[in-house]
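Participant: Sharing a structure with you now.
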Amino acid sequence: MSGHDHHDHHHDHDHSELSETQLRVRALETVLTEKGYVDPAALDVLIETYEKKVGPRNGARVVAKAWADPAYRERLLKNGTPAIAEVGYAGRQGEHIVAVENTPKRHNMVVCTLCSCYPWPVLGLPPVWYKAAPYRARAVNDPRGVLADFGVALPQDTEIRVWDSTAELRYLVIPMRPAGTEGWSEEKLAELVTRDSMIGTGLAKSPADLK
Amino acid sequence: MNGAHDMGGMHGFGPVEPEPNEPVFHGEWEKRAFALTLAMGMPGGWNIDMSRFARENRPPGDYLSMTYYQIWLAGLIDLMKERGLVSDDEIAAGHSLRPAKPVKRVLSPADVAQTLHRGGPTARETNSKAAFAAGDKVRAKVINPLTHTRLPRYVRGRVGVIESVRGCHVFPDSNSQGLGEDPRWLYTVKFDGRELWGADTDPTLSVSIDAWEPYLVRA
Amino acid sequence: MTHDHHDDHHHSHHDHGSDLTEMQLRTRALETILLEKGYIDPAALDELVDIYEKKIGPRNGAQVVAKAWVDPKFRKLLFEDGTAAIGSLGFGGRSGNHLVALENTPTVHNMVVCTLCSCYPWAVLGLPPLWYKSAPYRARTVADPRGVLRDFGVELPKDTEIQVWDSTAELRYLVVPMRPAGTEGWSEEKLAELVTRDSMIGTGLPKQPKDLQ
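Set out below in structure tokens:
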């Protein structure tokens, strides 16, 4: 594939288009505000919510609780939505959450090939790579290649299960609990749970990583 | 529709490039585009399936060269133009040039938390019985509708196994066209990687989709 | 499809404009470099351009079709061994080494596309038009040929079988359209005037005698 010029080109493209888009968004917001369709203060609250409040720390708490509390883990795997609501998380883009558990034999990975479905209440808004073509195109037919892009190599014989979120179910991966964390508190365990480990493109941190 | 959004299995996009310490939004306009899209759902009156169709329904070259929130913005503008809520000359002028159309409700700052918390569950009660049970072998139908569907091309015609019965859910193929929710049984269907991509595929790979009953036939 | 993407379209036209100037400069720079390195002879480039701009074009194919309409022996050869038949008229070579002629009849209409790139029988039709190489034609012909025909203003009877030939290998297809009524006794030269490029791709029909007046 000859892509380089193309790439450079693309970038230029993006820059001029982005400033154009900036102006367009500002114009649109003014029009919609003048018409009374939107309240700018509500926009601020929406942004604040997803920028500051809802994020992967929510999911990390859920995972840590599942690691520490076997009864909770069972409830979570059986019916994700109410179990997650117990910890206080629910709502938009998380109305039907399914938790899938990684084991030594099986690694789960979540993608949305058709758009960018993602469990907002537990992970916040998706990162750019999750919404971009390389991930959406390749996760379903070369997940090991994708994992390699993230620096993750799994044993040859690990079963890799990819979940393509084509409906309103939202998937949360429960990564494996790292060794050497016996007796840790939920709070401390939660520090090991990365966003990517809950999408399936990463693994949980090991205790050594926290030092 | 067979659009550029249906990209499972396409080649040539290059590697996935994670961004270290990625911010939630890249630039002020992304925040506003995001919030405008969420906020307009209430007065606009469209549903999530209409939004998805509005985003994917554009020339593939455009879709692939636009950034994520550019696609959101384009979809939002199309939805509003279809309903006569705004027009191009107003966006160009940066001001409202005509009186607003009456709308049911406008999202207030006080509503935000509750609206987000409520979300939009798609599960519906039904008296019908599910046609398939866990363990059944099914084939994804070969369909090529010009309108919205959530059956990706890469599984059409392929045989998989029902893994879970997920209840009865709003059917996007109908809901996106304003033809009603028409709830249908939803299943998680698991396909062997080799069935999807050929005999030389990594034997450890399996892929599942969530498929409504009208997408499937018994195999 | 409902949407008008006016702004977007506008936009991309724009870009193309600047792309073209960029491409002109880039092509000129490349030609200069290759010339300086002695890899190319500019006179050969001129000759190549001249051949495909002025000499090889759909008039070649029209001659083939007109001859097939009047000469039963040639017609037989054309459908049995297209390459030999066009060779007997002096056509062949690049993108015409394996020519297959397809006959339209009252019951079957043939249409040629190359979904994967833009394969086209250069030897008899010259270089393909832009639409033949572009995404709308390549994407839609195999799934909705009648819709494509409508884009060309062609409406066929409902029960006509439509056979689409996707040129995925080195075979090159030439459609031989049906000879229009009211052309009995016409010379090959006059018949050839009825044979349009699109009628040999399958996106059009030949002209009628009245179209020539």
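Chains G, D and L, in that order, give the protein sequences. Going by our numbering, the first sequence opens with residue 1, and the numbers climb by one from there. Going by our numbering, the second sequence opens with residue 1001, and the numbers climb by one from there. Going by our numbering, the third sequence opens with residue 2001, and the numbers climb by one from there. Glycine included, every Cβ here is placed at the ideal spot set by N, Cα and C.
Anyone know if the C-beta pair for residue 1149 (chain D) and residue 1173 (chain D) falls short of 7 Å?
Facilitator: Counting from 1 along the second sequence, the entry for residue 1149 (chain D) is found at position 149. Counting from 1 along the second sequence, the entry for residue 1173 (chain D) is found at position 173. Yes, they are a contact pair.
Participant: Using a Cβ-Cβ distance under 7 Å, would residue 47 (chain G) count as near chain D?
Facilitator: On the first sequence, position 47 is the one that residue 47 (chain G) refers to. Chain D contact via Cβ: present.
Participant: Between the region 1038-1065 of chain D and chain L, which residues of the former have CB atoms less than 9 Å from a CB of the latter, in chain order?
Facilitator: Those would be 1054, 1057, 1058, 1059, 1060, 1061, 1062, 1065, in chain order.
Participant: Suppose contacts are defined by Cβ-Cβ distances below 7 Å. Is residue 146 (chain G) in contact with residue 113 (chain G) by that definition?
Facilitator: The residue labelled residue 146 (chain G) in the question sits at position 146 within the first sequence. The residue labelled residue 113 (chain G) in the question sits at position 113 within the first sequence. Cβ distance not < 7 Å, so residue 146 (chain G) and residue 113 (chain G) don't count as in contact.
Participant: Can you name the residues that DSSP bridges to residue 1005 (chain D)?
Facilitator: Residue 1005 (chain D) sits at position 5 when you count from the first residue of the second sequence. According to DSSP, residue 1005 (chain D) bridges with nothing at all.
Participant: What number of angstroms, rounded off, separates the C-alpha of residue 1085 (chain D) from the C-alpha of residue 163 (chain G)?
Facilitator: The count along the second sequence starts at 1 and reaches residue 1085 (chain D) at position 85. The count along the first sequence starts at 1 and reaches residue 163 (chain G) at position 163. In a straight line, the C-alpha of residue 1085 (chain D) is about 38 Å away from that of residue 163 (chain G).
Participant: Taking the alpha-carbon of residue 80 (chain G) as reference, which of G:100, G:68, G:69, G:190 has the nearest alpha-carbon?
Facilitator: In the first sequence, counting from the first residue as 1, residue 80 (chain G) sits at position 80. Checking every option, the nearest Cα to that of residue 80 (chain G) belongs to G:100.
Participant: Quick check on residue 1138 (chain D) - is its C-beta less than 7 Å from some C-beta in chain G?
Facilitator: Residue 1138 (chain D) sits at position 138 when you count from the first residue of the second sequence. Residue 1138 (chain D) does not count as touching chain G.
Participant: How would you list, in chain order, the residues of chain A whose beta-carbon sits under 8 Å from the beta-carbon of residue 1021 (chain D)?
Facilitator: Protein chains G, D and L are contained in the structure displayed, whereas chain A is not.
Participant: Let me check understanding here. Comparing Cα to Cα, which of G:210, G:30, G:85, G:180 lies closest to residue 61 (chain G)?
Facilitator: Position 61 of the first sequence holds residue 61 (chain G). With distances taken between Cα atoms, residue 61 (chain G) lies closest to G:85.
Participant: Going along chain L, which residues have a C-beta under 7 Å from residue 1175 (chain D)?
Facilitator: Translated into the one-based positions of the second sequence, residue 1175 (chain D) becomes position 175. Residues of chain L passing the Cβ test: none, with the nearest at roughly 17 Å.
Participant: What are the residues in the region 156-176 of chain G lying within 8 Å of chain D by C-beta distance?
Facilitator: Cβ contacts with chain D come from 156, 157, 158, 159, 160, 161, 162, 163, 164, 165, 166, 167, 168, 169.
Participant: Taking 7 Å as the threshold (beta carbon to beta carbon), is residue 35 (chain G) in contact with chain D?
Facilitator: What you label residue 35 (chain G) is simply residue 35 of the first sequence in a count that begins at 1. Judged by the 7 Å Cβ criterion, residue 35 (chain G) is in contact with chain D.
Participant: Thinking C-beta only, is residue 2124 (chain L) closer than 7 Å to residue 2079 (chain L)?
Facilitator: For the purposes of this step, residue 2079 (chain L) is identified with residue 79 of the third sequence, where counting begins at 1. For the purposes of this step, residue 2124 (chain L) is identified with residue 124 of the third sequence, where counting begins at 1. Against a cut-off of 7 Å, the Cβ pair of residue 2124 (chain L) and residue 2079 (chain L) comes out as no contact.
Participant: Could you name the residues that DSSP lists as bridge partners for residue 2103 (chain L)?
Facilitator: To locate residue 2103 (chain L), count along the third sequence from 1; it is residue 103. Residue 2103 (chain L) is bridged to L:2176.
Participant: Out of D:1145, D:1159, D:1024, D:1188, which one is the CA nearest neighbour of residue 266 (chain G)?
Facilitator: Not covered by the structure: residue 266 (chain G). The range shown for chain G is 1 to 211.
Participant: Should residue 2013 (chain L) be labelled buried (16 or more other beta-carbon atoms within 10 Å of its own) or exposed?
Facilitator: Position 13 of the third sequence, counting from 1, holds the residue named residue 2013 (chain L). Any reading at residue 2013 (chain L) needs caution, since the residue's pLDDT is 43, under 50, leaving its predicted position unreliable; the model's value is listed next. It counts as exposed.
Participant: Short check: CB of residue 1018 (chain D) to CB of residue 129 (chain G), under 7 Å?
Facilitator: The sequence position of residue 1018 (chain D) within the second sequence is 18, counting from 1. The sequence position of residue 129 (chain G) within the first sequence is 129, counting from 1. Result yes, Cβ atoms of residue 1018 (chain D) and residue 129 (chain G) sit closer than 7 Å.
Participant: Can you give the beta carbon distance from residue 209 (chain G) to residue 150 (chain G), rounded, assuming they're within the 8 Å contact cut?
Facilitator: Within the first sequence, numbered from 1, the residue matching residue 209 (chain G) stands at position 209. Within the first sequence, numbered from 1, the residue matching residue 150 (chain G) stands at position 150. The pair is not a contact, with the Cβ atoms about 15 Å apart (cut-off 8 Å).
Participant: Does the Cβ of residue 2023 (chain L) have 16 or more other Cβ atoms within 10 Å, making it buried, or fewer, making it exposed?
Facilitator: Numbered from its first residue, the third sequence carries residue 2023 (chain L) at position 23. By the 10 Å Cβ count, residue 2023 (chain L) comes out exposed.
Participant: Beta-carbon separation of residue 2099 (chain L) and residue 2082 (chain L) under 7 Å?
Facilitator: As a position in the third sequence, residue 2099 (chain L) is number 99, starting the count at 1. As a position in the third sequence, residue 2082 (chain L) is number 82, starting the count at 1. In contact: residue 2099 (chain L) and residue 2082 (chain L) (Cβ atoms closer than 7 Å).
Participant: Is the shortest distance between the beta-carbon of residue 102 (chain G) and the beta-carbons of chain D less than 7 Å?
Facilitator: Sequence index remark: in the first sequence, residue 102 (chain G) carries index 102 (1-based). By this cut-off, residue 102 (chain G) is not an interface position.
Participant: For residue 1053 (chain D), report the span of its alpha helix (DSSP H) as first-last.
Facilitator: Along the second sequence, one-based indexing puts residue 1053 (chain D) at 53. Note, residue 1053 (chain D): alpha helix (DSSP H), 1048-1056.
Participant: If we define contact as Cβ-Cβ less than 7 Å, is residue 1006 (chain D) a contact residue for chain G?
Facilitator: Taking the first residue of the second sequence as 1, we reach residue 1006 (chain D) at position 6. True, the Cβ-Cβ gap to chain G drops below 7 Å.
Participant: Could you give the uninterrupted runs of the alpha helix (DSSP H) lying entirely in the region 114-144 of chain G, keeping only those of 4 residues or more?
Facilitator: Within the region 114-144 of chain G, the complete alpha helix (DSSP H) runs of at least 4 residues are 120-123, 128-131, 133-138.
Participant: State the beta-bridge partners of residue 1212 (chain D) as determined by DSSP.
Facilitator: Indexing the second sequence from 1 puts residue 1212 (chain D) at position 212. DSSP lists D:1186 as partners of residue 1212 (chain D).
Participant: Whose CA, out of D:1104, D:1002, D:1108, D:1035, lies closest to the CA of residue 1076 (chain D)?
Facilitator: Here residue 1076 (chain D) refers to the residue found at position 76 of the second sequence. Minimum Cα distance to residue 1076 (chain D) is reached at D:1035.
Participant: Among residues of its own chain, excluding the 5 on either side of residue 1146 (chain D), which ones have a beta-carbon nearer than 7 Å to its beta-carbon?
Facilitator: The count along the second sequence starts at 1 and reaches residue 1146 (chain D) at position 146. Counting only Cβ-Cβ distances below 7 Å, and skipping sequence neighbours, we find 1001.
Participant: Taking DSSP as the reference, what is the three-state secondary structure of residue 1137 (chain D)?
Facilitator: Here residue 1137 (chain D) corresponds to residue number 137 of the second sequence, with the count starting at 1. Strand.
Participant: Throw me the rounded Cβ distance for the residue 1152 (chain D) and residue 1006 (chain D) pair, which I believe falls under 8 Å.
Facilitator: Here residue 1152 (chain D) is taken as the residue at index 152 of the second sequence, counted from 1. Here residue 1006 (chain D) is taken as the residue at index 6 of the second sequence, counted from 1. So it is a contact: roughly 6 Å between Cβ atoms.
Participant: With distances taken between CB atoms, is the gap from residue 2202 (chain L) to residue 2176 (chain L) smaller than 7 Å?
Facilitator: To locate residue 2202 (chain L), count along the third sequence from 1; it is residue 202. To locate residue 2176 (chain L), count along the third sequence from 1; it is residue 176. No, these two residues do not count as a Cβ contact at 7 Å.
Participant: So who's on the other strand from residue 2163 (chain L), going by DSSP bridges?
Facilitator: For the purposes of this step, residue 2163 (chain L) is taken as the residue at position 163 of the third sequence. DSSP, once it has assigned bridges, lists L:2110 as partnering residue 2163 (chain L).
Participant: Run the CB neighbour count on residue 2033 (chain L), radius 10 Å, all protein chains shown included, and call it buried at 16 or more, exposed below.
Facilitator: The residue given as residue 2033 (chain L) occupies position 33 in the third sequence. Residue 2033 (chain L) is exposed by the Cβ-count criterion.
Participant: Judging by CA-CA distance, which residue of D:1195, D:1063, D:1199 is the nearest neighbour of residue 1157 (chain D)?
Facilitator: Looking up residue 1157 (chain D) in the second sequence gives position 157. Of the listed residues, the one whose Cα sits closest to residue 1157 (chain D) is D:1195.
Participant: Determine, using beta carbons only, whether residue 212 (chain G) comes closer than 7 Å to chain D.
Facilitator: Only positions 1 to 211 of chain G appear in this structure, which leaves residue 212 (chain G) out of reach.
Participant: Ignoring anything shorter than 4 residues or poking outside the region 1100-1133 of chain D, list the alpha helix (DSSP H) runs there in chain order.
Facilitator: Listed in chain order, the complete alpha helix (DSSP H) runs (minimum 4 residues) inside the region 1100-1133 of chain D are 1112-1118.
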